[in-house]
Amino acid sequence: MHILERDVEFIEEQRECSYFDDEVSDIRYRYISNCKKEDYQNMLEHGWRRFGKMHFVPECKACTKCISMRIDVRNYKFSRSEKRVFKKNLDTKLYIQAPSLTLDHLKLYDKYHYHMNKKKDWNYFPIEPAEYDRSYVQGKDEFTKEFLYVRDSKLIGVALVDILSESISSIYCFYDHDYEDLSIGKFSILAQIKIAKELNIPYIYLGYWIKDHLSMGYKEAYTPFEILTNRASLKEEAIWEKYKS
313 MHILERDVEF
323 IEEQRECSYF
333 DDEVSDIRYR
343 YISNCKKEDY
353 QNMLEHGWRR
363 FGKMHFVPEC
373 KACTKCISMR
383 IDVRNYKFSR
393 SEKRVFKKNL
403 DTKLYIQAPS
413 LTLDHLKLYD
423 KYHYHMNKKK
433 DWNYFPIEPA
443 EYDRSYVQGK
453 DEFTKEFLYV
463 RDSKLIGVAL
473 VDILSESISS
483 IYCFYDHDYE
493 DLSIGKFSIL
503 AQIKIAKELN
513 IPYIYLGYWI
523 KDHLSMGYKE
533 AYTPFEILTN
543 RASLKEEAIW
553 EKYKS
């Protein structure tokens with residue numbers, strides 16, 4: 313563990329793909345003990361994501377299906393159905409705070425992933441507190457937040473979010489499917505768009521989008537959005553273009 317006390321970078325090649333059974337992936341990782349805002353912004357613009365202090369970007373040699381995308385907040389207009397989602401959640405309380413770890417977090421996380429295992433055949437293993445802390449609590453800075461969604465005095469959703477001056481990065485979201493009629497996953501993204509509009513933040517980075525994929529295809533609904541069209545190094549220009557269906 314001593315090596316993780318300093319910044320390191322490495323590539324994991326020919327690993328099992330998370331999204332396609334017949335594909336392998338090559339992922340570049342960078343462990344950053346204290347990531348500066350400007351460096352993190354630059355990494356987001358170049359397609360990097362993070363869990364805890366570990367940042368990563370796909371560099372798959374034979375596949376480009378994972379596409380980095382970002383919502384065009386300034387030109388985003390809420391549809392009638394999205395306004396209905398807001399209306400359904402008028403009694404859902406939203407608390408924004410620094411990331412934390414409680415028993416309620418762990419129970420909800422496990423409940424969500426157990427459900428997704430049955431629904432979409434996701435791998436399921438109960439999460440250990442240390443693993444949750446490493447992935448979602450460690451590495452937090454003043455820009456790192458968790459959105460807690462509470463209904464009937466019960467935690468029903470958690471979204472991990474980074475809020476910078478030029479972007480919001482949606483890291484991860486999990487929620488209680490017993491409240492499926494509230495569309496908490498969609499409500500969480502819409503709430504982030506609303507906050508971005510209020511703060512005049514131009515983009516929300518939703519991570520990787522795979523068109524028509526069972527787990528990743530839903531992101532196409534948040535239009536207009538832009539896609540990253542090249543795989544540039546952090547010192548090269550990242551080229552984003554408006555997506556045209």
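Residue numbers for the sequence shown follow the working numbering, beginning at 313 and rising by one.
Backbone N, C-alpha and C define an ideal beta-carbon position, used for all residues, glycine too.
Since the structure is predicted, the reported quantities are computational estimates derived from the model, not experimental observations.
Practice task
Indicate the three-state DSSP secondary structure (helix, strand or coil) for residue 500 in the structure shown.
Solution key: helix
Handout entry: 8 angstroms Cβ cutoff met for residue 452 and residue 411
Key = yes
Practice task
Measure the beta-carbon distance from residue 448 to residue 364 and round it to whole angstroms, keeping in mind my assumption that it falls under 8 angstroms.
Solution key: 7 angstroms
Problem - residue 340 to residue 556 span [Cα, whole Å] - result: 29 angstroms
Problem - For residue 344, the three-state DSSP class (helix, strand or coil) - result: Three-state DSSP puts residue 344 in coil, outside helix and strand.
Exercise for the section: Might you give, ordered along the chain, the residues of its own chain that have their beta carbon closer than 6 angstroms to the beta carbon of residue 552, omitting 5 neighbours on each side? Expected result: For residue 552, where only same-chain residues beyond five positions count, the Cβ hits under 6 angstroms are 538 and 540.
Problem - Straight-line gap, residue 499 to residue 433 (C-alpha atoms, nearest Å) - result: Using only the alpha carbons, I get a separation of about 24 angstroms.
Handout entry: First and last residue of the uninterrupted beta strand (DSSP E) at residue 525
Key = Residue 525 -> no beta strand (DSSP E), and no H or E assigned at all.
Handout entry: Minimum C-alpha distance to residue 380 - residue among 507, 548, 494 and 481
Key = The residue from 507, 548, 494 and 481 with its alpha-carbon nearest to that of residue 380 is 481.
Handout entry: Assigned exposure category for residue 474 - 16 Cβ within 10 Å defines buried
Key = buried
Problem - Cβ shell of residue 385 (< 7 angstroms), same chain only, five flanking positions each side left out - result: 505, 508, 509, 513, 514, 515 and 516
Handout entry: Run of the alpha helix (DSSP H) containing residue 430, from where it starts to where it stops
Key = 415-432
Exercise for the section: State the Cα-Cα distance for the pair residue 325 and residue 335, rounded to the nearest angstrom. Expected result: Distance between residue 325 and residue 335, taken at the CA atoms: about 12 angstroms.
Exercise for the section: Please classify residue 471: does DSSP put it in a helix, a strand, or coil? Expected result: strand
Handout entry: Nearest to residue 343 (by Cα), restricted to the options 349, 368, 353 and 359
Key = 368
Problem - For residue 458, the residue or residues it bridges with in DSSP - result: Residue 458 is bridged to 409 and 472.
Problem - Rounded C-alpha distance that separates residue 424 from residue 487 - result: 6 angstroms
Handout entry: Spatial distance of residue 370 from residue 331 (CA atoms)
Key = 12 angstroms
Practice task
Could you have a look at residue 543 and say whether DSSP puts it in helix, strand or coil?
Solution key: coil
Handout entry: Residues sharing a beta bridge with residue 361, DSSP
Key = 368
Problem - Residues near residue 338 by beta carbon distance below 8 angstroms, same chain, minus five either side - result: 323, 324, 325, 326, 327, 370, 371, 372 and 373
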